[in-house]
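Here the structure is laid out as structure tokens; the discussion comes afterwards.
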Amino acid sequence: MEIVMVGVCMLAMGFFLCFGLLKWNGIRYSRKGLPPGTMGWPVFGETTEFLRQGPDFMKHKRARYGSVFKSHILGSPTIVSMDPELNRYILLNEGKGLVPGYPQSALDILGKSNIAAVHRSDHRRIRGSFLSLVNPSMLKDQLLPKIDKNMRMHLRDLQGKTIDIQTITSDMALLIAFKQIMEIESDSIYEAFQAEFDKLMAGTLSLPINIPGTTYHRGFLARKSVLRILRDVMEERRNSLMKNYDMLEYLLKEEDPRYKLNDEEILDQVVMILYSGFETVSTTSMMAIKYLHDHPSALQEIRDEHFAIRGRKKPEEPLDWNDYKAMVFTRAVIFETSRLATVVNGVLRKTTEGMELNGYFIPRGWRIYVYTREINYDPFLYPEPQKFYPWRWLEKSLESHNYCFLFGGGSRLCPGKELGIVTIAIFLHYFVTRYRWEEVGEEKLIKFPRVEAPNGLHVRVSKY
Ligand code: HEM
């Protein structure tokens, strides 16, 4: 009997302790005028539920509290906005104290001069430097020919093989970006770089606990190795008389004072170019292959478009800017893939001062998760939103729609947008004109928090 009593008492104490802790986090962050919502456990907040339930977590919260609610996720009190109008306002008004709010782990590993960590005049300068590397004339004359050359090599001799598309597209995205940054050194240092870069990427999405064995610690060490490799290349370049035509050369030789960066800024810029273009380009390419496989009429139309382009050229002639401009349906496939797979769920901001938004008070230093995912499935904007229907992007000028945030918006609109689209379009060009493919088995795809095939996406490839 006594044992039962002790058990009941412990259960009751446990219950009150949990209840107290849940209440405590709510009380700790309570302020007058905040949006509705719950804050979960101390330290962890509602992170576990958010990561486990993903988009359903957001939908349940919206059903209960409306489109703007508070929570505590990824280590910080956070306002989630699923309101398209408010999201647009936040993206367009960085100057009113709504600056990027990426997690500490990402900022530590990507460096203090990385574009997402800087504001105002520093942001204008670093962004200006970035845009000068990827502006339309660079894209047309320097980057596109290089992408074409490397894509041909990357996608050769796949016939008769069973390949993992996820591996092919992630290697492709990193290699293509790497060749654009430092063309001649890439062959000798790429492998060592890739291994370190993978660890760096993982570290940016981890809890910032800097003790041996943690993902953050490994990421931090990987950053040091990556910088060592890059510093050596910069040193050699400075001592060499050879002229190169790649991004690193432009960064080192920049004379326009508006865009001139010091060495630390150049290093962070290079890491950021690789980091921000890598996953978006690779997952969009992988998902485009998946959707085209599942939708034969779209596959036929994209093949027709690319064979028409090839028909105007000699067999081994590289693609040029005019060919890219003729890839109208391909562009629609890329946008539809990005929408339906939701490669980017949203972006993070934080407040530099307390402010009022939509009638709520948002304290200084709180994160705002500008959650744009649901807009991608809005039936008014995209009828039959769950359907892969690239033609919708040809019918209406959806790309410039006020609520199309696939590439962000405002002063942080993706500067690599066109470069990313060119890369994916050229990838699709060589893949669909050279090969047929069929999926092997039913591979699992996860769409949240990032798009991935945990066991790979295997396809059997034959010559077209
Ligand atoms: C399909 C491909 C891509 C997608 C869907 C995409 C998406 C985005 C989004 C949503 C943002 C806004 C982030 C924010 O507001 O905080 C962004 C920013 C950015 N993207 Fe991309 N991106 C793509 C390709 C690329 C590529 C290829 C590069 C580099 C060559 C790149 C470089 C950047 C940079 C540097 C920023 C930060 C801009 C700033 O803070 O001013 N992106 N991208």
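Using full-length UniProt numbering, the letters of the sequence shown correspond one by one to residues 1 to 464.
Where is the CB? At the ideal position from N, CA and C, for every residue including glycine.
- Relative to the ligand HEM, the beta carbon of residue 138 is positioned no closer than 8 Å to any heavy atom.
- Closest in alpha carbon position to residue 74, among 368, 374 and 410, is 368.
- In this structure residue 211 is exposed. Its beta-carbon is surrounded by fewer than 16 other beta-carbon atoms within 10 angstroms.
- In this structure, the C-beta of residue 423 approaches the ligand HEM to less than 8 Å from one of its heavy atoms.
- Inclusion of residue 173 and residue 327 in the CB contact set at 9 Å is not warranted, their separation being larger than that value.
- Residue 127 and residue 66 have their C-alpha atoms some 35 Å from each other.
- Proximity of the beta carbon of residue 450 to the ligand HEM is not indicated: no heavy atom of the ligand is located closer than 8 Å.
- Residues of the same chain with a CB within less than 8 Å of the CB of residue 308, apart from the 5 flanking positions on each side, are 326 in chain order.
- The stretch 448-457 makes contact with the stretch 50-57, as at least three CB pairs between them are under 8 Å.
- Counting C-beta atoms within 10 angstroms of its own C-beta, residue 380 has fewer than 16 neighbours from the protein chains shown and is therefore classed as exposed.
- Residue 438: member of the beta strand (DSSP E) spanning 435-439, first to last residue.
- Annotation for residue 164: the continuous beta strand (DSSP E) segment containing it runs 162-164.
- In this structure, the C-beta of residue 182 stays at least 8 Å away from each heavy atom of the ligand HEM.
- DSSP, reduced to helix, strand and coil, places residue 154 within a helical segment of the structure shown.
- According to the DSSP secondary-structure assignment, residue 369 is paired through a beta bridge with 80 and 348.
- For residue 360, the enclosing beta strand (DSSP E) begins and ends at 360-362.
- Distances from the alpha-carbon of residue 45 to those of 77, 199, 102 and 149 put 77 closest.
- By the criterion of at least three beta-carbon pairs nearer than 8 Å, the stretch 106-116 is in contact with the stretch 264-272.
- CA-to-CA, the gap between residue 438 and residue 351 works out to about 48 Å.
- Taking a 10 Å sphere around the C-beta of residue 306, we find 16 or more other C-beta atoms and assign the residue as buried.
- The closest CA to that of residue 117, considering only 297, 103 and 196, is found on 103.
- With contacts defined as CB atoms closer than 9 Å, residue 388 and residue 291 qualify as a contacting pair.
- Per DSSP, the unbroken alpha helix (DSSP H) holding residue 199 starts and ends at 186-204.
- For residue 404, the shortest separation between its Cβ and any heavy atom of the ligand HEM does not lie below 8 Å.
- Between the alpha carbons of residue 85 and residue 407 lies a distance of about 17 Å.
- In the DSSP assignment, residue 355 falls within the beta strand (DSSP E) that extends over 355-357.
- Between the ligand HEM and residue 334, a heavy atom-to-CB distance of less than 8 Å is present.
- At a cut-off of 8 Å, the beta-carbon of residue 280 counts as near the ligand HEM: some heavy atom of the ligand is closer than that.
- By DSSP's assignment, residue 98 forms a beta bridge with 351.
- The beta-carbon distance between residue 349 and residue 90, rounded to whole angstroms, is 6 Å. This is short enough to meet the 8 Å contact definition.
- Distances from the alpha-carbon of residue 242 to those of 228, 223, 183 and 187 put 183 closest.
- In this structure, residue 177 has its CB closer than 8 Å to one or more heavy atoms of the ligand HEM.
- The alpha-carbon separation between residue 385 and residue 176 amounts to approximately 32 Å.
- Between residue 366 and residue 163, the CB-CB gap reaches or exceeds 9 Å.
- In this structure, residue 296 sits away from residue 335, with a CB-CB distance that is not shorter than 9 Å.
- Proximity to residue 461 across 201, 281, 39 and 168 peaks at 168, based on C-alpha coordinates.
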